[in-house]
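Numbering (this note's numbering), first residue to last: 996 to 1894. Working notes, structure below.
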């Protein structure tokens, strides 16, 4: 302890000595830096004086040269000689002016005066008689040859020649001008007066260090007291012209600077000395009490917490001893606290153990080597061993996990621990050798030094959760009645086949089956019989297809079938078997036999550019053709067959439509739209167009309107319907005053400015109540150009007519666009209404659409209502009006009457 005390005193002395030497060094260094900076500043000040005065002299020199040229221009004899070119005469006049100006101006010494023509050629010249002729400065020649130099203002430049610097002025002379005057002067001669201006002797040397001028007062004696600032002047050709060096006697300045340095050193030495004396005195006072304290510290080393008496101790040591005593008391308190913390940790450990025991999921703690340190009852149950038997065993031997249900690949637990994340699908054999699905998560444990000391593994049996999710996924993609895929899942299967193959030829077959008599059975026997029939048909289809084939229930009585990697010939055989068995089986309900047949349409697909909507539309057409031809048959369609059928039917109907106008074959039907609350004060009807064939039969609009759309005849049909309805209203005023008629408008008419003008003009001129008319527009027609559609609706509504948005819900953007359309009625698409009884989701959609329509102050209409059960469901969905065969079938408008 004593040796340590003396070592501390030695270190303190060495530090004090080092600090003293450092202070002296810094003082000396600071003094030298101050001296250098002072000298540099003085030299820079002198150089600035020389620079300023030199530039003023050169400017003065330029002014004198310019004045020489101006005087020369005023001499008529010189100008006369210039007008009549005579080199001898011109040179004579030039010499007279040269000698006269030099005699009048002592400060200006000209080297030469040269007259150039406009091309730069020398006409006449005169110089001061130097041995070497003056060679014109390159810059001057460039000024003469420059197209931009017009001579209005003189061109000034500095040039180096004959190891000397010259000031040159170039100016045009004459009225046109006629020539250029080039005046060259010595710069050094003009700079000789700098000694008087700057107050110091000067020495001027050339760029090659040749002496050009030295002041009489220049001396080399007393060089140590002289400061010699230097300023360099470069020519415009970037060549060093002259060096101007000044000589300033700074004896007094240097003596003052040295005196300042000495005084600074003296004051600093005194300050350091006084500081050392004070520090040594203070150190002695500090170390003397420490000797008293060192004998009392030994008791602490023995483990005894004994305090030291503070009596008769100086103030500083008393504070130290007081702090020491407080430290002893703190140590004693810390010891007691540590024991309490240890007790608390034991209690928390028991709490954590109890908590882990209450967790049903397996929890396992392992060290960094993978050996088990803790296992809760859930882990015991999973592995089948008690915790006592698990402790110290390797997790890699007890917990064998697989990445797949087939248990063909064992997962490396070390890799799982390094990822430190949740894995959802791992598999494990339980005690009964049953495969269970586990969710694996691991967290790293670190100590106070942030070192990895192990992991906590949490396992969760998710087998039941997975089963539930798979069940929900199955229910979301399958029809609840037949267990076949629903329409959405069926379409996805179609897309997957096309994406996977990318073929140039069709490899698969898509078929659609419609039950010909389903509506009869469903309406006659009820929905329970209809459901049983659907199951029966589904079983027959499933019986005749492969396991790899894809079955779907597409609609109320429609089934879809995809036969992957199947040619059409084999597919036809399957369809024949299905049709035959459906016909032979029939349908029995309550001991009554019903004849049931089916119509099937089929098409091959699988090309890269095949799209589901296009292919399904074609197969739907094929099924329709089979049904239209009497049912109980199939119709498969290829590209050539489809084109022939479509072209033939379309072209036939073009002629038929034109005859409809000329021979008055079109006729109007109406179908009632009734209020759910029974309020029929103003009956509402939808106007429907029909075509009367030559044999008197009525052709529905779906036969001829597609052709009208394709060949741009639909707008003409819309105009005909509007005209005929208004004529009927005029001819039946008694009935017309109390009803409302809804007229369907096509998408082409909605987007046609011509139709807009026709409708506005017709309504303005029509002598009927405009509020008896309601125009139905489809959702798909208006969303193509929302802004124009809204403008069209508003312009017609101003005239008093109303609007209804038909087929609402078919587009994905329905709700986003609905609030933009100022319509009065909202007619929900029939696809949602047809399945509202058997499909709860459709009911929810219908109710939601009704609520949205009511929020926007619209009345909601449901179409295709076919039964009393539907009526009840629609009442639950808060529908305002209904339309369909249940309410009333379409009838000719002539039979309309108030009921």
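For each residue, glycine too, the CB sits at the ideal point set by N, CA and C. Because the structure is a prediction, the values reported are computed rather than measured.
Have a look at residue 1368 and residue 1007 and give me their C-alpha separation to the nearest angstrom. Your numbering for residue 1368 matches position 373 in the chain shown. Your numbering for residue 1007 matches position 12 in the chain shown. Those two C-alpha atoms are separated by around 54 angstroms.
Of all the options 1767, 1231, 1213, which has the alpha carbon lying nearest to the alpha carbon of residue 1155? What you label residue 1155 is simply residue 160 of the chain shown in a count that begins at 1. Nearest to residue 1155 by alpha-carbon distance, out of 1767, 1231, 1213, is 1231.
In the DSSP assignment, what are the bridge partners of residue 1397? Stepping through the chain shown from its first residue, residue 1397 is reached at position 402. Bridge partners of residue 1397: 1405, 1422.
Have a look at residue 1746 and residue 1782 and give me their C-alpha separation to the nearest angstrom. For the purposes of this step, residue 1746 is taken as residue 751 along the chain shown, with counting starting at 1. For the purposes of this step, residue 1782 is taken as residue 787 along the chain shown, with counting starting at 1. Using only the alpha carbons, I get a separation of about 11 angstroms.
Which runs of the beta strand (DSSP E) spanning at least 3 residues fall entirely within the region 1716-1794, listed in chain order? 1735-1740, 1768-1773
Alpha-carbon to alpha-carbon, residue 1108 and residue 1173: One-based indexing of the chain shown puts residue 1173 at position 178. One-based indexing of the chain shown puts residue 1108 at position 113. About 16 angstroms.
Could you tell me if residue 1548 is buried or exposed, where buried requires 16 or more neighbouring beta carbons within 10 angstroms of its beta carbon? On the chain shown, position 553 is the one that residue 1548 refers to. Burial call: buried.
Measuring only the C-alpha atoms, how far is residue 1069 from residue 1171? The residue labelled residue 1069 in the question sits at position 74 within the chain shown. The residue labelled residue 1171 in the question sits at position 176 within the chain shown. Going by the C-alpha atoms only, they are around 15 angstroms apart.
Report, in whole angstroms, the separation of the C-beta atoms of residue 1365 and residue 1404, which I expect to be a contact under 8 angstroms. Residue numbering aside, residue 1365 sits at position 370 when the chain shown is read from its first letter. Residue numbering aside, residue 1404 sits at position 409 when the chain shown is read from its first letter. The pair is not a contact, with the Cβ atoms about 20 angstroms apart (cut-off 8 angstroms).
Neighbourhood of residue 1792 by C-beta distance below 7 angstroms, restricted to the same chain and skipping five residues each side: For the purposes of this step, residue 1792 is taken as the residue at position 797 of the chain shown. Excluding sequence neighbours, residue 1792 sits near 1798, 1817.
Is residue 1536 near residue 1556, with beta carbons less than 8 angstroms apart? Indexing the chain shown from 1 puts residue 1536 at position 541. Indexing the chain shown from 1 puts residue 1556 at position 561. Yes. Within cutoff.
Is residue 1667 helix, strand or coil by DSSP? The count along the chain shown starts at 1 and reaches residue 1667 at position 672. Strand.
Residue nearest to residue 1876 in terms of C-alpha spacing, selected from 1350, 1411, 1826, 1821: Within the chain shown, numbered from 1, the residue matching residue 1876 stands at position 881. Ranking the options by Cα distance to residue 1876, first place goes to 1821.
Count the other CB atoms within 10 Å of the CB of residue 1507; is the residue buried (16 or more) or exposed (fewer)? Here residue 1507 refers to the residue found at position 512 when the chain shown is read from its first residue. Looking at its Cβ environment, which holds 16 or more other Cβ atoms inside 10 Å, residue 1507 is buried.
Going straight from the alpha carbon of residue 1454 to that of residue 1472, what length do you get? Start at 1 with the first residue of the chain shown, and residue 1454 comes out as number 459. Start at 1 with the first residue of the chain shown, and residue 1472 comes out as number 477. Distance between the alpha carbons of residue 1454 and residue 1472 is about 31 angstroms.
Counting Cβ pairs closer than 8 angstroms, one from the region 1562-1570 and one from the region 1602-1616, do we hit at least three? no
Please name the residue or residues paired with residue 1177 in a DSSP beta bridge. On the chain shown, residue 1177 is found 182 positions in, with the first residue counted as 1. 1109, 1165, per the DSSP bridge assignment.
In terms of residues, what are the limits of the alpha helix (DSSP H) holding residue 1463? Sequence index remark: in the chain shown, residue 1463 carries index 468 (1-based). Element bounds for residue 1463: 1458-1472.
Indicate whether at least one CB of chain D lies closer than 8 angstroms to the CB of residue 1853. This model lacks chain D altogether, as it is built from one protein chain only.
Roughly how many angstroms lie between the CA atoms of residue 1450 and residue 1502, to the nearest whole one? Here residue 1450 refers to the residue found at position 455 of the chain shown. Here residue 1502 refers to the residue found at position 507 of the chain shown. About 54 angstroms.
Segment contact, 8 angstroms Cβ cut-off, at least three pairs: the region 1177-1196 with the region 1045-1060: yes
From 1375, 1521, 1532, 1448, pick the residue whose C-alpha is nearest to that of residue 1477; which is it? As a first step, residue 1477 must be located in the chain shown, where it is residue number 482. Considering only alpha carbons, the answer is 1532.
Any idea what DSSP makes of residue 1243, helix, strand or coil? Counting from one through the chain shown, the residue named residue 1243 turns up at place 248. Three-state result, residue 1243: strand.
Residue 1740 vs residue 1680 beta-carbon contact at 8 angstroms: Reading the chain shown from its first residue, position 745 is the one you call residue 1740. Reading the chain shown from its first residue, position 685 is the one you call residue 1680. For residue 1740 and residue 1680, no; Cβs fall outside 8 angstroms.
By the three-class DSSP mapping on this structure, what secondary structure does residue 1213 have? The residue given as residue 1213 occupies position 218 in the chain shown. Here residue 1213 sits in coil by DSSP.
Other residues of its chain near residue 1093: CB distance less than 8 angstroms, five sequence neighbours each side excluded: As a working mapping, residue 1093 is identified with position 98 in the chain shown. If we look at residue 1093 and ignore the five residues flanking it on each side, its Cβ neighbours are 1105, 1108, 1121.
Should the region 1653-1665 be regarded as contacting the region 1681-1695, the criterion being three or more beta carbon pairs within less than 8 angstroms? Segments in contact, yes.
Residue range of the alpha helix (DSSP H) that residue 1607 falls in? One-based indexing of the chain shown puts residue 1607 at position 612. Run containing residue 1607: 1607-1623, per the alpha helix (DSSP H) assignment.
Neighbourhood of residue 1189 by C-beta, 6 angstroms cutoff - its chain only, sequence neighbours within 5 removed: Here residue 1189 corresponds to residue number 194 of the chain shown, with the count starting at 1. Hits under 6 angstroms: 1048, 1197.
8 angstroms contact criterion, which residue 1790 and residue 1755 should meet: CB distance rounded: Within the chain shown, numbered from 1, the residue matching residue 1790 stands at position 795. Within the chain shown, numbered from 1, the residue matching residue 1755 stands at position 760. Residue 1790 to residue 1755, Cβ: 6 angstroms. Contact.
Whole-number beta carbon distance between residue 1166 and residue 1064, since they are thought to touch under 8 angstroms: Stepping through the chain shown from its first residue, residue 1064 is reached at position 69. Stepping through the chain shown from its first residue, residue 1166 is reached at position 171. Confirmed, about 5 angstroms.
Look at the Cβ atom of residue 1874, then the Cβ atom of residue 1570, and state whether they are nearer than 8 angstroms. As a position in the chain shown, residue 1874 is number 879, starting the count at 1. As a position in the chain shown, residue 1570 is number 575, starting the count at 1. If you check the CB distance, residue 1874 and residue 1570 do not come in under 8 angstroms.
The alpha helix (DSSP H) spanning residue 1433 covers which residue range? As a working note, residue 1433 is residue 438 in the chain shown. Here residue 1433 belongs to no alpha helix (DSSP H); instead the beta strand (DSSP E) covers 1430-1441.
With a cut-off of 8 angstroms, do at least 3 Cβ pairs link the region 1720-1728 to the region 1693-1702? No, because fewer than three Cβ pairs between the region 1720-1728 and the region 1693-1702 fall closer than 8 angstroms, the two stretches do not touch.
Nearest to residue 1373 by alpha carbon, out of 1379, 1384, 1357? Walking along the chain shown from the start, residue 1373 turns up at place 378. For the residues 1379, 1384, 1357, the minimum Cα distance to residue 1373 belongs to 1357.
If you draw a straight line from the alpha carbon of residue 956 to that of residue 1324, how long is it in whole angstroms? This structure leaves residue 956 out entirely; the chain is present only between 996 and 1894.
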